[in-house]
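The next block holds one structure in the form of structure tokens; read it before the comments.
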Amino acid sequence: MNNIRTLVLCTLTTILIYAGMQMFSKQLASSQPMTLIAGFIGSHIFVFVLTGINSIERMMLGDEFQSHVYEVVFSIGLAAFASVLVHRVSMTVCVLCSLTALYYMNKISEDKYTKKAKGTKKQT
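Residue numbering for the sequence shown follows numbering that gives the first Met the number 0, starting at 0 and increasing by one per position.
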């Protein structure tokens, strides 16, 4: 998928998730399990915002560009803000789920984009 298409899909998905969280904020804050689910849903905002920002950077700076800590902090902050509008506990769950998602996104990216020399083992 090219960068423009990825940017558009990430933007639309982020807006839809945020709007859904705001429309159902009373239901999401009504019980403990729903509060946890709201935080998990908020962590999806992190994933899509980070992917969208990275798409913009790859369009402007080339396909070899990688996200840095500033983009990650901004994306977690935005997702946490969206989640705190539902409930404070949702923000905590959102940050924890976002950090977990960041770990797995980094691991998948390493596996896909790291050039391995022929005949060498991958270090763990």
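The C-beta atom is built at its ideal place from N, Cα and C for all residues, glycine as well.
With respect to the alpha helix (DSSP H) encompassing residue i, which residues constitute its N-terminal and C-terminal limits?
i, result
"Ala37", "Gln31 to Leu60"
"Asn2", "Asn2 to Met22"
"Met92", "With the sequence shown as reference, residue 92 is identified as Val, and Met is not the correct amino acid for it. Per DSSP, Val92 belongs to the alpha helix (DSSP H) from Arg87 to Tyr112."
In angstroms with no decimal places, state the Cα-to-Cα distance between residue i and residue j.
i, j, result
"Ser89", "Asn2", "31 Å"
"Cys96", "Ser42", "6 Å"
"Leu6", "Leu27", "28 Å"
"Leu8", "Ser29", "30 Å"
"Glu56", "Thr10", "14 Å"
"Ala79", "Val68", "16 Å"
"Thr99", "Ser108", "14 Å"
"Tyr103", "Asp110", "11 Å"
Report yes if the CB atom of residue i is closer than 8 Å to the CB atom of residue j, and no otherwise.
i, j, result
"Ile16", "Phe45", "no"
"Leu35", "Val71", "no"
"Cys93", "Gly51", "no"
"Met22", "Ala81", "no"
"Thr13", "Phe64", "no"
"Leu77", "Ser24", "no"
In or out: residue i buried (at least 16 other Cβ within 10 Å) or exposed?
i, result
"His86", "buried"
"Thr113", "exposed"
"Ala116", "At Ala116, the pLDDT of 46 sits below 50, so the modelled position is not reliable; the number obtained from the coordinates is stated separately. So Ala116 ends up on the exposed side."
"Asn105", "exposed"
"Ser54", "buried"
"Ala18", "exposed"
"Ile40", "buried"
Counting only beta-carbon separations shorter than 8 Å, does residue i have a partner in chain C?
i, result
"Ala79", "In the displayed structure, chain C is absent; only one protein chain is listed."
| task | List in chain order: all unbroken beta strand (DSSP E) runs of 3+ residues lying wholly within the segment 63-87. | result | The beta strand (DSSP E) runs lying completely inside the segment 63-87 and spanning 3 residues or more number zero.
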